[in-house]
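Have a look at the structure below before the remarks.
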Amino acid sequence: MRATSVSLLFLLFASASMAQPPETSERPHANLARVMQAIMFPNSNIIFNVQGQDPAAPKPVYEPGSSAFSWVDWGAGIYTGWEVVENAGIALEEGIDLITKPGRLCTNGRPVPLEQPDFVLGIQRLRAVARAVQEAAREQSQEKVIDITNQLAEACYGCHQVHRIAPRGEANRCVP
1 MRATSVSLLF LLFASASMAQ PPETSERPHA NLARVMQAIM FPNSNIIFNV
51 QGQDPAAPKP VYEPGSSAFS WVDWGAGIYT GWEVVENAGI ALEEGIDLIT
101 KPGRLCTNGR PVPLEQPDFV LGIQRLRAVA RAVQEAAREQ SQEKVIDITN
151 QLAEACYGCH QVHRIAPRGE ANRCVP
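The sequence shown begins at 1 in the working numbering and counts up one residue at a time.
The following block contains the structure:
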């Protein structure tokens, strides 16, 4: 009995001393437009760029000392080719969870229209496109990615034609 009590006490103290994950804020930090600008827009452009640039083509290598140092040029060679395209698909898919995070607001201060059928459909389409991009990138199929860019444009346009008609900052932006 005493051994059991000591063991239970040991387990209690051991589990209490384990590092706890940091608390996360339930409230989003950025509005919808900022998330779109920071994540969705640049990663969509990476995918669209496959239409004119083969990700498998050799890229110029940054040569230290050849010009003024650029963090962008230096960092551009770390992840290359199809890995960049697949990562863009991953960013789009993961970005959906950020877009739809409860409490996210539009630029006009209104909640993101998570319950609107057209918004829900747009999110579903975007998720399917993001997954298709990842698969096509793993296959290293430029032709498939090019075909998928049409679906990506349609997924974006489906929401934008309804929720982005008004100019930035207007009260009826992000409102169907």
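All C-beta atoms in this analysis are idealised placements derived from N, C-alpha and C, irrespective of residue type, glycine included.
Computed from a predicted structure; not experimentally measured.
Chain-order list of residues whose beta-carbon lies under 8 Å from that of residue i (same chain, five-residue window excluded)
i      : result
Pro111 : Gly103, Arg104, Leu105
Leu121 : Gly158
Cβ shell of residue i (< 7 Å), same chain only, five flanking positions each side left out
i     : result
Leu11 : With a pLDDT of 48 at Leu11, under the threshold of 50, the modelled position of that residue is not reliable, and the figure given next carries that caveat. Nothing meets the Cβ criterion.
Three-state class that DSSP yields for residue i in the structure shown
i      : result
Leu105 : strand
Pro111 : strand
Tyr157 : helix
Arg34  : helix
Gln142 : helix
Cβ pair residue i, residue j closer than 8 Å
i      : j      : result
Arg131 : Gly158 : no
Asn108 : Ala30  : no
Val175 : Val133 : no
Euclidean distance between Cα positions of residue i and residue j
i      : j      : result
Val129 : Asp54  : 19 Å
Leu9   : Pro28  : With a pLDDT of 49 at Leu9, under the threshold of 50, the modelled position of that residue is not reliable, and the figure given next carries that caveat. Approximately 40 Å, taken between the alpha carbons.
Gln151 : Glu26  : 32 Å
Glu139 : Tyr79  : 17 Å
Val35  : Arg164 : 15 Å
Nearest candidate by alpha-carbon position, reference residue i, set the options
i      : options                        : result
Glu154 : Ala137, Asp118, Pro176, Val175 : Asp118
Neighbourhood of residue i by C-beta distance below 6 Å, restricted to the same chain and skipping five residues each side
i     : result
Leu92 : Asn43, Ala130
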